[in-house]
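For the record, the sequence lines run as chains A, B, C and D. So the first sequence is numbered by numbering that gives the first Met the number 0: it starts at 0 and just counts up by one. So the second sequence is numbered by numbering that gives the first Met the number 0: it starts at 0 and just counts up by one. So the third sequence is numbered by numbering that gives the first Met the number 0: it starts at 0 and just counts up by one. So the fourth sequence is numbered by numbering that gives the first Met the number 0: it starts at 0 and just counts up by one. Here a beta-carbon is modelled for each residue, glycine too, at the ideal position from N, C-alpha and C. Accompanying notes for the structure given below.
Protein chains: 4
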Amino acid sequence: MNTFGQIFRLTDFGETHGKCVGGVIDGCPSGLYIDVDFVQSELDRRAPNKGDSNSTQRTENDHVEFLSGIYEGKTTGGPIAFIVQNQDGKPNWESNRLLKPSHASFVLKEKFGHQCNEQGGRFSARQTVCRVVAGAIAKLILKQQNIDIQSDTISIAQVSEEGDTAGALVECRIVNLPAGLGEPAYGGFDAMLAAAMLSIPACKSFEIGEGLAASTMSGSQYNDVQTAGFQFLTNHDGGVQAGITNGQPVVFRTAFKPIPSLRSQQQTIDYEGNPSVLNGSSRNDRCVCPRVLPVVEAMAALVAVDAFFLQLKNKIL
Amino acid sequence: MNTFGQIFRLTDFGETHGKCVGGVIDGCPSGLYIDVDFVQSELDRRAPNKGDSNSTQRTENDHVEFLSGIYEGKTTGGPIAFIVQNQDGKPNWESNRLLKPSHASFVLKEKFGHQCNEQGGRFSARQTVCRVVAGAIAKLILKQQNIDIQSDTISIAQVSEEGDTAGALVECRIVNLPAGLGEPAYGGFDAMLAAAMLSIPACKSFEIGEGLAASTMSGSQYNDVQTAGFQFLTNHDGGVQAGITNGQPVVFRTAFKPIPSLRSQQQTIDYEGNPSVLNGSSRNDRCVCPRVLPVVEAMAALVAVDAFFLQLKNKIL
Amino acid sequence: MNTFGQIFRLTDFGETHGKCVGGVIDGCPSGLYIDVDFVQSELDRRAPNKGDSNSTQRTENDHVEFLSGIYEGKTTGGPIAFIVQNQDGKPNWESNRLLKPSHASFVLKEKFGHQCNEQGGRFSARQTVCRVVAGAIAKLILKQQNIDIQSDTISIAQVSEEGDTAGALVECRIVNLPAGLGEPAYGGFDAMLAAAMLSIPACKSFEIGEGLAASTMSGSQYNDVQTAGFQFLTNHDGGVQAGITNGQPVVFRTAFKPIPSLRSQQQTIDYEGNPSVLNGSSRNDRCVCPRVLPVVEAMAALVAVDAFFLQLKNKIL
Amino acid sequence: MNTFGQIFRLTDFGETHGKCVGGVIDGCPSGLYIDVDFVQSELDRRAPNKGDSNSTQRTENDHVEFLSGIYEGKTTGGPIAFIVQNQDGKPNWESNRLLKPSHASFVLKEKFGHQCNEQGGRFSARQTVCRVVAGAIAKLILKQQNIDIQSDTISIAQVSEEGDTAGALVECRIVNLPAGLGEPAYGGFDAMLAAAMLSIPACKSFEIGEGLAASTMSGSQYNDVQTAGFQFLTNHDGGVQAGITNGQPVVFRTAFKPIPSLRSQQQTIDYEGNPSVLNGSSRNDRCVCPRVLPVVEAMAALVAVDAFFLQLKNKIL
């Protein structure tokens, strides 16, 4: 499903080699001032940095164009549609008929009957442009509540070999979130964050608070004790207990695998299963970081706004 | 939200200190033979093992009672409701007005205005009974497709101190899943698994395939190359690429924090924020393992059945 | 799907010849006082009236039993499960293998492969018990906002022949609804009401305001003009314009077909398609009215509460 | 909510005075040949006919432009986005600050805080362009199953006065639908149709089969008896029983109110509640018919495809 969220919802579309990517944001309250410069600045954070050796050499000038839902700078309450034109859509034809290892080629052949990579242009990191635009609008809502989201690259894999790519670990913090967000059972704030992160291309893990390390701890070490005035002494739980925010910073980490497209040759097969060799591409990033950071934040923002709206009903009595 | 799934859906209810817990399974095809012995055996796997020092001393004789949706042993296509009576509902009154550290007490006070722990009986591991019942029915569907799910405890925290509890790490494998399951973008098989796992009480991480370790690898190390006949040489991706299953075993790990209720005393505060001391309880488990294993498998089964049903539409043309 | 609503949601279950019917209400705010007497009084309105020649002679003593979600009389924020025991479950075995004309027999054979009527006990007016219970709780929320729902039988078909059944027309009014409820495009207040009504067994039409008669009117006759102070001069639109409430009473009508089970014999066929004769039953009502009135109101209440919750997000800026 | 459907889903956007309207179709199977000429021909049916006195004089050359989801003429399985440019977006500035009687002006002021009509351009019949495009693609799926949808204008109100507008009644038939479509309880085929129709601007009623007339009939008149070979003798139920299709033609009628924008003057008030006079507009249609016919059929097609996909799971055992 190409829709994320329950009340504040993003539905997006578009392929890496098509005309544009874009999306529709539904459920945004009316009267929100859309700071287009801010939205654009978030897109710029996602753009390749020519000075950064981790980034692609492709020139992408991503400019968001809003098609609906905004009147004189403010939201109308109707759906907010936007597109971002693709500037450099020329596909790499040589490899169009070869399965790209650890990419989407094979699974799309199996799921949809695809016969070439170009049919699967939907399954590209290009799609994350849409998340950044919607996330920026979510951040505008959160800013009015004084809620802030920040992320950092924690580590990048040490890769010696030339032409190779590198995995990376990202940490994200949501601060000033009110306590009480997140729904019971299957709608927990952490569960929604986990789904949000794993939906980002190349993401392979999600941890909140102590995360994986929690499995090595004792209860007396781990428990977040509160003292007079409800102050927490520690934040091992990463701001979420029983699926619900507790007012402390929400802290989570998410690991990304190395980008599967290498700058060096790879053994592979074609769509009929015959062995072949895939040439390297110089057009791809070496690592998802730092470009993935605004994507991680955007998904966190979508989760936070949705949880905020879902909690409103508990304030009416 | 107390509903999980999109087509094959579980809605559950019930509190640890109430009469019963139960659920409603919607979207189950008609004509499925319900092997009640199998369902019961899954519940038995979740029951405390008196010989296991990690388990609670509470006597729980969990027997599933089906209320609807089954006729002469087979599903009718209508909703399948079930309850499991609570046998030992006496709450621990001493601590009813004290916040339990790293438990749901504080967040429910903030979210729902709760004034005591008993109001939050919904947020207890008791609720996982419902997941096991629904997961068992999902497994019956998967068995007809030859799909199997197994899980193991990978590690339990070394805890020296008496009366303490321990975190644990669990691995789960889904085998014989067809390639092509999982929806684009936000409905990926891994994203749904991640949400499913993080929704289990005490779960703090989700990793698929190499998971966290993927962040330390290079692309040439990591990529899952295929050879003639579409055979994979490795399974670093854990059976899911671009959110879609590739026919290899789906392998994921999930970490659980130490159970927050200790057998020893803990510093805490009451619902008004005044410092107090929480007495230990001998009624709780020392570790979620091994009782959480059927819960992990059940959630994986719910994800797999839903993904299987959602893929059917791609077979009609 | 056996779930109704988006935020305030009812999932129900149970068959006419099973142990009980019941449901789970999700999304109810915490802290709502559940007036059990009121809920029971709504069930009593649905019960057969022995003095009413339109009603069944079956003795149904429907008592609601809450299983979860309520603590010391107030909602906890968790799912509210309830059951109502079936008192008189003995099926009419003679006709179990004969298709009941205009009933669910044939379509369930086609949809689910049913081989007898008893398998289809889900598809009975008995299921509406669950709607009345959930609707009563929705009414308790609406009462706090001073919103009231009333319905009446407008007409009952004149039926001369003995043993025959009669169609009926019902009108319902929701008063004191605030303006602004209902979502754009596909989530209109009238669209949700229409789906709610058509989901009631035997319902065959929905009209709002002038309804069908609107097709015979001119714009100058029809338009609801407002005067100084935003007062409406007329209510031809029935309180909903462009899918959104305008603060006037919401007025709609819904037609019910005659109950398909007759007290006289009917020609029919069996499940193999062989001609047969279906004996009459004295156990069924002659007309859905007046017992359907609390069902109509209940469904209207579910729609109103959901729309009320969905509108909350437009008040945060 | 601006999304319709559960598996086959349309999310649309755009305002009458904006750059374009458009939508995203999610859940379409891969490999479907998109006959663009057919889609365009459906849009042409919706276009104003210069020779038809019921139609607007505006020149609309609606051409659909697909942005994603199609590769070499066939669907990829990804979301299908499309836009239709607005040709004639000049708003009627004179009336921008006057409430249009029985239009969306007042309710949008109440719901979203709108201060002029232009903010509400989403709530215009222009939005139905998107339904027609999505409905055309749904029809392409249905054609492969030999399912056909046709509609007709049954009656148009007799209007004597010059400059006035007229209500109308439409009938629609879906033929060759397999028996067994429609979900239990709240997901009935008729309930989904009712919601679909009431979501069309100006629609005020929905009837299926005998519809309103069912309320005046006796059971012995009404019941659809079957004879040897499961043949139905009548179709009073309009092809849907207990919410599920029975294989007979699905026949429903839906009434439209007169278009609220008149060619003559109307009394009204401005956004502050002061009395004023709204001048007539020559740019609007006199009646929704015949232009609404492809919209009615499109919504019926969306319902049918969704029900068809939801039924697939009952065929796996």
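Check your understanding: For the segment 2-19 of chain C, which residues have a beta carbon sitting closer than 8 Å to at least one beta carbon of chain B?
Key -> Listed by position, the residues of the segment 2-19 of chain C near chain B (Cβ gap below 8 Å) are Thr-2, Arg-8, Thr-10, Asp-11, Phe-12, Gly-13, Glu-14, Gly-17, Lys-18 and Cys-19.
Exercise for review: With a 10 Å radius around its C-beta and 16 neighbouring C-beta atoms as the bar for buried, classify Ser-150/D as buried or exposed.
Suggested key: What you label residue 150/D is simply residue 151 of the fourth sequence in a count that begins at 1. Buried: at least 16 other Cβ atoms inside 10 Å.
Exercise for review: Could you tell me whether any Cβ in chain A is nearer than 8 Å to the Cβ of Gln-118/D?
Suggested key: Locating residue 118/D in the fourth sequence gives position 119, where the first residue counts as 1. Answer yes: the Cβ-Cβ gap between Gln-118/D and chain A drops below 8 Å somewhere.
Point to revise | Phe-308/D: contacting residues in chain E (beta-carbon distance under 7 Å) | key: Absent from the structure is chain E; the protein chains it does hold are A, B, C and D.
Practice item. On a CA-only basis, which of Ile-82/D, Thr-75/D and Gly-119/D is nearest Glu-117/A? Give me that one, please. Key: One-based indexing of the first sequence puts residue 117/A at position 118. Ranking Ile-82/D, Thr-75/D and Gly-119/D by CA distance to the CA of Glu-117/A puts Thr-75/D first.
Practice item. Please state if the CB of Tyr-70/A and the CB of Ser-101/B are separated by a distance shorter than 8 Å. Key: Here residue 101/B refers to the residue found at position 102 of the second sequence. Here residue 70/A refers to the residue found at position 71 of the first sequence. It is not a contact, given that the beta carbons lie outside the stated cut-off.
Point to revise | Cross-strand partners of Cys-19/B (DSSP beta bridge) | key: Here the question's residue 19/B lines up with position 20 in the second sequence. According to DSSP, Cys-19/B bridges with Gln-84/B.
Review point. Skipping 5 residues on each side, what residues in its chain have a beta carbon closer than 8 Å to that of Gln-39/B?
Key: Within the second sequence, the letter at position 40 stands for residue 39/B. Only His-62 and Val-63 meet the Cβ criterion.
Check your understanding: Do you know offhand how far Ser-154/B's Cα is from Leu-292/B's?
Key -> Taking the second sequence and counting its residues from 1, the one referred to as residue 154/B is at position 155. Taking the second sequence and counting its residues from 1, the one referred to as residue 292/B is at position 293. Roughly 13 Å between the two C-alpha positions.
Practice item. For the beta strand (DSSP E) holding Leu-168/C, just list the boundary residues, first then last. Key: Start at 1 with the first residue of the third sequence, and residue 168/C comes out as number 169. The continuous beta strand (DSSP E) containing Leu-168/C extends over residues 167-174.
Review point. If we call anything under 8 Å between Cβ atoms a contact, is Leu-97/A one with Ser-260/A?
Key: Along the first sequence, read from residue 1 onward, the residue named residue 97/A stands at position 98. Along the first sequence, read from residue 1 onward, the residue named residue 260/A stands at position 261. No, the pair does not count as a contact, with Cβ atoms beyond the cut-off.
Review point. Which residues does DSSP pair with Arg-252/A in a beta bridge?
Key: One-based indexing of the first sequence puts residue 252/A at position 253. Paired residues: Glu-170/A and Glu-206/A.
Review point. On the premise that Gly-237/A lies in contact with Val-250/A, defined as a C-beta separation below 8 Å, what is that separation, rounded to the nearest angstrom?
Key: Within the first sequence, numbered from 1, the residue matching residue 250/A stands at position 251. Within the first sequence, numbered from 1, the residue matching residue 237/A stands at position 238. Indeed they touch by this definition, with Cβ atoms about 4 Å apart.
Exercise for review: Locate the alpha helix (DSSP H) running through Thr-215/A, then write down its first and last residues.
Suggested key: One-based indexing of the first sequence puts residue 215/A at position 216. That residue, Thr-215/A, is in no alpha helix (DSSP H); it is neither H nor E in DSSP.
Practice item. Since I believe Gly-120/B is in contact with His-235/B (beta carbons under 8 Å), could you give me their beta-carbon distance rounded to a whole number of angstroms? Key: Numbered from 1 along the second sequence, position 236 holds the residue referred to as residue 235/B. Numbered from 1 along the second sequence, position 121 holds the residue referred to as residue 120/B. Contact between His-235/B and Gly-120/B is ruled out by a C-beta separation of about 42 Å, above the 8 Å threshold.
**Study point:** Phe-307/A - partner residues in DSSP beta bridges
**Key:** For the purposes of this step, residue 307/A is taken as the residue at position 308 of the first sequence. DSSP, once it has assigned bridges, lists no residue as partnering Phe-307/A.
Exercise for review: Using DSSP bridges, identify the partner residues of Phe-231/D.
Suggested key: In the fourth sequence, the residue the question calls residue 231/D occupies position 232. Paired residues: Gln-225/D.
Review point. DSSP three-state call for Pro-293/B: helix, strand or coil?
Key: Here the question's residue 293/B lines up with position 294 in the second sequence. DSSP places Pro-293/B in helix when its eight states are reduced to three.
Point to revise | Strand pairing of Ile-146/A, partner residues [DSSP] | key: The residue you call residue 146/A lines up with position 147 of the first sequence. None, per the DSSP bridge assignment.
Check your understanding: Applying the criterion that 16 or more other CB atoms from any shown protein chain within 10 Å of the CB defines a buried residue, is Tyr-185/D buried or exposed?
Key -> As a first step, residue 185/D is located in the fourth sequence; it is residue number 186 there, counting from the start. Under this definition Tyr-185/D is a buried residue.
Practice item. Give a yes or no on contact between the segment 197-208 of chain D and the segment 133-147 of chain C, applying the rule of three or more CB pairs nearer than 8 Å. Key: No: the two stretches stay apart, fewer than three of their Cβ pairs being nearer than 8 Å.
Practice item. Kindly say whether Arg-121/C, judged by its beta-carbon, lies nearer than 8 Å to any beta-carbon of chain B. Key: Working through the third sequence from its first residue, we reach residue 121/C at position 122. At least one C-beta of chain B is nearer than 8 Å to the C-beta of Arg-121/C.
Point to revise | For Ser-219/C, the nearest candidate out of Gln-266/D, Gly-272/D, Val-128/D and Val-294/D (CA to CA) | key: On the third sequence, residue 219/C is found 220 positions in, with the first residue counted as 1. Nearest Cα to Ser-219/C within the set Gln-266/D, Gly-272/D, Val-128/D and Val-294/D: Gln-266/D.
Review point. Just checking my contact of Pro-183/B with Gly-242/B at CB under 8 Å: how many whole Å lie between their CB atoms?
Key: On the second sequence, residue 183/B is found 184 positions in, with the first residue counted as 1. On the second sequence, residue 242/B is found 243 positions in, with the first residue counted as 1. Yes, they are in contact, since the Cβ atoms of Pro-183/B and Gly-242/B sit about 7 Å apart, within 8 Å.
Practice item. For the beta strand (DSSP E) holding Glu-109/C, just list the boundary residues, first then last. Key: Here residue 109/C refers to the residue found at position 110 when the third sequence is read from its first residue. It is not in any beta strand (DSSP E) - Glu-109/C instead sits in the alpha helix (DSSP H) that spans 104-111.
Exercise for review: Please compile the residues from chain C whose C-beta is within a distance smaller than 9 Å of the C-beta of Ser-67/A.
Suggested key: The count along the first sequence starts at 1 and reaches residue 67/A at position 68. Against chain C, a Cβ distance below 9 Å from Ser-67/A picks out nothing, because the smallest value is about 11 Å.
Exercise for review: Kindly list, in the order they appear in chain A, the residues whose Cβ is closer than 9 Å to that of Gln-143/C.
Suggested key: In the third sequence, residue 143/C corresponds to position 144, counting from 1. Result: Ile-315 and Leu-316.
Check your understanding: With distances taken between CB atoms, is the gap from Glu-209/A to Lys-99/B smaller than 8 Å?
Key -> Taking the first sequence and counting its residues from 1, one reaches residue 209/A at position 210. Taking the second sequence and counting its residues from 1, one reaches residue 99/B at position 100. Cβ atoms of Glu-209/A and Lys-99/B: not closer than 8 Å.
Review point. Can you give the Cα-Cα distance for Ala-111/A and Asn-313/B, rounded to whole angstroms?
Key: In the first sequence, residue 111/A corresponds to position 112, counting from 1. In the second sequence, residue 313/B corresponds to position 314, counting from 1. As written in the sequence, residue 111/A is Phe, which differs from the Ala given in the question. Phe-111/A and Asn-313/B have their C-alpha atoms some 7 Å from each other.
Practice item. Return the Cβ separation of Leu-321/D and Cys-19/A in integer angstroms, given the expectation that the two are a contact with Cβ distance under 8 Å. Key: Residue 321/D lies beyond the range of chain D shown here (0 to 316); nothing can be said about it.
Exercise for review: Please name the residues in the segment 25-47 of chain D whose beta-carbon is closer than 8 Å to at least one beta-carbon of chain B, in chain order.
Suggested key: For the segment 25-47 of chain D, which is checked against every Cβ of chain B, the residues closer than 8 Å are Gly-26, Pro-28, Ser-29, Gly-30 and Leu-31.
**Study point:** Span separating the alpha-carbon of Gln-247/B from that of Phe-231/B
**Key:** Mapped onto the second sequence, residue 247/B falls at position 248. Mapped onto the second sequence, residue 231/B falls at position 232. As the crow flies, the alpha-carbon of Gln-247/B is around 8 Å from that of Phe-231/B.
Practice item. Anything in the segment 177-203 of chain A with a Cβ closer than 7 Å to a Cβ of chain D? List those residues in chain order, please. Key: If the cut-off is 7 Å between Cβ atoms, the segment 177-203 of chain A has nothing near chain D.
Exercise for review: Select from Ala-303/A, Gln-240/A and Leu-31/A the residue whose C-alpha is nearest the C-alpha of Leu-192/A.
Suggested key: Here residue 192/A corresponds to residue number 193 of the first sequence, with the count starting at 1. The shortest C-alpha separation from Leu-192/A is found at Ala-303/A.
Exercise for review: Spell out whether any CB of chain C is found under 8 Å from the CB atom of Leu-168/D.
Suggested key: Mapped onto the fourth sequence, residue 168/D falls at position 169. It does; some Cβ of chain C falls within 8 Å.
Point to revise | Glu-296/C and Ile-82/C closer than 8 Å at C-beta | key: Here residue 296/C refers to the residue found at position 297 when the third sequence is read from its first residue. Here residue 82/C refers to the residue found at position 83 when the third sequence is read from its first residue. Not in contact: Glu-296/C and Ile-82/C (Cβ atoms no closer than 8 Å).
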